[in-house]
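S.K.: Structure provided below as structure tokens; questions to follow.
Numbering (this note's numbering), first residue to last: 221 to 589.
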């Protein structure tokens with residue numbers, strides 16, 4: 221089965237989740253303007269390195285890597301957008317603000333907390349055409365936290381996700397971050413020009429996160445689980461070229477369906493003769509791409525020991541879901557939902573994130589499962 225590149229799948233997922241709001245975004249310009257006073261205005265080229273390779277040059281510009289983000293209080297001027305971070309709060313104060321605006325907002329999951337960010341945004345496009353943008357935050361947890369993943373109504377006023385040209389807006393966004401996560405930085409990226417490098421702006425004074433190259437190079441990539449007749453045993457780690465994957469938990473049949481329908485009452489029951497298999501996975505990115513790689517349920521299918529493959533059903537997966545951009549050394553865990561014929565034993569998950577095959581691994585869901 222042909223696999224699409226993960227960055228392509230990632231863009232489709234984001235665009236589809238926001239399609240009801242999004243308009244088309246105008247072409248970005250390359251104008252550079254720097255002002256060293258308070259509220260500095262910065263774009264892609266704030267400092268150029270002496271390297272001749274164009275891509276390496278870009279990654280060494282201030283603001284183009286997590287190692288050297290733009291300093292706090294920088295006013296970002298990027299393409300058609302001017303963006304300023306006005307205020308932030310996190311933890312208990314963020315939860316109180318979120319709960320006050322909507323009593324249906326839920327407490328953050330265990331191990332997580334809310335971060336509220338107040339922004340001022342101006343769409344510098346000369347036409348009235350509506351354009352869209354999205355934001356994220358990252359830190360030393362080495363995961364990219366998107367605003368639309370919080371499932372929470374932000375405090376008032378709320379910043380719109382689409383904005384006509386020549387219009388300025390001011391408001392709040394709410395993001396879920398790991399508890400006690402530090403070195404926080406705001407991430408701005410153009411979804412329609414995803415080949416461009418993201419722009420990083422420090423929210424914490426002195427924020428910087430580096431890739432531990434030596435640690436990643438010392439991880440032994442193994443052939444464990446590369447064939448179906450020798451899958452990685454339940455609870456053990458599969459280590460490919462760019463990913464480490466481990467199965468943490470498995471739910472089948474009624475136990476899985478109860479959680480699936482609890483998550484969303486409009487989720488469809490399994491087809492006749494089939495049952496849902498919920499698999500909780502932990503994924504660690506051990507590749508070297510400074511800007512990370514995206515992982516979701518898309519690269520996973522379920523296999524029987526006879527080799528029959530079943531793709532994932534279309535459902536709203538129970539939380540926490542596995543749908544994140546992970547930076548080198550970072551890890552995430554979450555549920556994916558698969559399906560198989562009822563009472564099938566000795567099932568395994570097949571992970572195949574790209575066409576190279578370097579990360580393809582079979583993982584057992586446990587003897588008798």
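From the three backbone atoms N, C-alpha and C, an ideal C-beta is built for every residue, glycine too. The structure displayed is predicted, hence computed values, not measured ones.
1) Apart from the five residues just before and just after residue 403, which ones in its own chain have a Cβ nearer than 7 Å to its Cβ?
2) Please say whether residue 532 and residue 498 have beta carbons closer to each other than 8 Å?
3) Residue 356 by DSSP, collapsed to three states: which one?
4) Could you tell me which of 493, 363, 395, 305 sits nearest to residue 325, measuring between CA atoms?
5) Indicate whether the contact test is met: 3 or more Cβ pairs, each with one atom in the segment 380–394 and one in the segment 350–358, closer than 8 Å.
6) Answer yes if the segment 466–484 comes into contact with the segment 533–542, meaning at least three C-beta pairs across the two stretches below 8 Å, and no otherwise.
7) Need the endpoints of the alpha helix (DSSP H) that residue 457 sits in, please.
8) Whole angstroms are fine: how far does the CA of residue 565 sit from the CA of residue 337?
9) Going by DSSP, name the residue or residues bridged to residue 556.
10) Just to confirm my understanding: we take residue 440, look at its own chain, exclude 5 residues before and 5 after, and list those with CB closer than 8 Å. What are they?
11) Span of the beta strand (DSSP E) holding residue 423?
12) Would you kindly work out how many angstroms separate the C-alpha atoms of residue 551 and residue 282, rounded to a whole number?
13) Could you give the uninterrupted runs of the alpha helix (DSSP H) lying entirely in the segment 290–349, keeping only those of 4 residues or more?
14) Let me know if residue 508 comes out buried or exposed under the rule of 16 or more other beta-carbons within 10 Å of its beta-carbon.
15) Spatial neighbours of residue 305 within its chain, please: C-beta separation below 8 Å, excluding the five flanking residues on both sides.
16) If you count every other CB in all the chains shown that lies within 10 Å of the CB of residue 376, and 16 or more means buried, which is it?
M.R.: In this structure, then:
1) Closer than 7 Å at Cβ, skipping near neighbours: 359, 360, 424, 427, 428, 429.
2) Not closer than 8 Å, so no.
3) The answer is strand: DSSP assigns residue 356 an E or B state.
4) When the alpha-carbon of residue 325 is set against those of 493, 363, 395, 305, the nearest one is in 395.
5) Enough Cβ pairs lie closer than 8 Å, so yes.
6) Segments in contact, yes.
7) Per DSSP, residue 457 lies in no alpha helix (DSSP H) segment and is marked neither H nor E.
8) When the Cα atoms are used, residue 337 and residue 565 turn out to be separated by approximately 48 Å.
9) 499.
10) Contacts found: 459.
11) Taken as a continuous stretch (DSSP letters only), residue 423 belongs to no beta strand (DSSP E), as it is neither H nor E.
12) So the alpha carbons of these two residues sit roughly 26 Å apart.
13) Segments of the alpha helix (DSSP H) lying fully in the segment 290–349: 311–321.
14) Sixteen is the threshold: since fewer than 16 other Cβ atoms of the shown chains lie within 10 Å of the Cβ of residue 508, the residue is exposed.
15) So the list reads 292, 293, 337, 338, 339, 406, 421, 423, once near-sequence residues are dropped.
16) Exposed, by the Cβ-count rule.
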